[in-house]
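Chemist:
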Amino acid sequence: MKTAGQWLDEYGASHQNPTNKLIHWFCVPVIYFTVAAFLYAIPMPFAEKSLFINWSAFVMVLVAIYYLRLNLALGVLMAAFSFGCLWLSHWLDLHAAFPLWQIAAALFVLAWIAQFIGHHIEGKKPSFLKDLQFLMIGPAWVFGFLLRKVGVSL
């Protein structure tokens, strides 16, 4: 199994252009949030939707396990970000003027368009075309950068 550092370095190899990196710094967390929001918006059978009883929370537990297996510090940071996405989904579901799934859909499409523009600028294909696991590594790459900046080895 590759280490977190190996995954992040391989992902980073196709994200060297400063413009593409900046686009990814914003769009990858947005896309991650939209997936959490889409999952939150799916009704759970036999349960009233709440902050902790929803499809997003269920999937986020599995995602946290994945990241924790890669690296403890990265896993904790990603779990915290996941909870933030879950909380924001819950809040928007209760208070937004539009249905959560519509907000998520708009953000999802815009963020992916921006990502493909970034890859066009970079001149490299998105990493997930090589290995679908890079869809999970993208969010970790953003937070892994922060961890490395404060001296945490991945």
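Residues 898 to 1051 in the numbering used here are what the sequence shown lists, from first letter to last. Positions of the beta carbon are idealized from the N, C-alpha and C atoms, including for glycine.
Is LYS899 helix, strand or coil when you go by DSSP?
Modeler: coil
Chemist: Return the chain-ordered list of same chain residues with a C-beta closer than 7 Å to the C-beta of ILE1018, the five sequence neighbours on each side being excluded.
Modeler: ASN914, THR916 and ASN917
Chemist: If you pair each beta-carbon of the region 961-973 with each one of the region 926-942, do three or more pairs fall below 8 Å?
Modeler: Taking a contact to require three or more Cβ pairs closer than 8 Å, the region 961-973 and the region 926-942 do not qualify as touching.
Chemist: Taking the alpha carbon of VAL1006 as the point to measure from, which residue in LYS899, LEU989 and TYR929 has its own alpha carbon closest?
Modeler: TYR929
Chemist: Output the distance between the C-alpha atoms of GLN1012 and PHE949, rounded to the nearest integer angstrom.
Modeler: 31 Å
Chemist: Taking only the alpha-carbon atoms, compute the straight-line gap between ILE1000 and SER1024 and give it to the nearest angstrom.
Modeler: 26 Å
Chemist: Once DSSP output is grouped into helix, strand and coil, what is the label at ASN917?
Modeler: helix
Chemist: According to DSSP, is SER1050 part of a helix, a strand, or is it coil?
Modeler: Correct three-state label for SER1050: coil.
Chemist: Report yes if the CB atom of ILE920 is closer than 7 Å to the CB atom of GLY1015, and no otherwise.
Modeler: The Cβ atoms of ILE920 and GLY1015 sit closer than 7 Å to each other.
Chemist: Go ahead and label TRP904 buried or exposed: buried means 16 or more other beta carbons lie within 10 angstroms of its beta carbon, across all protein chains shown.
Modeler: buried
Chemist: Is the region 1032-1050 touching the region 941-957 in the sense that three or more CB pairs, one from each, lie closer than 8 Å?
Modeler: No: the two stretches stay apart, fewer than three of their Cβ pairs being nearer than 8 Å.
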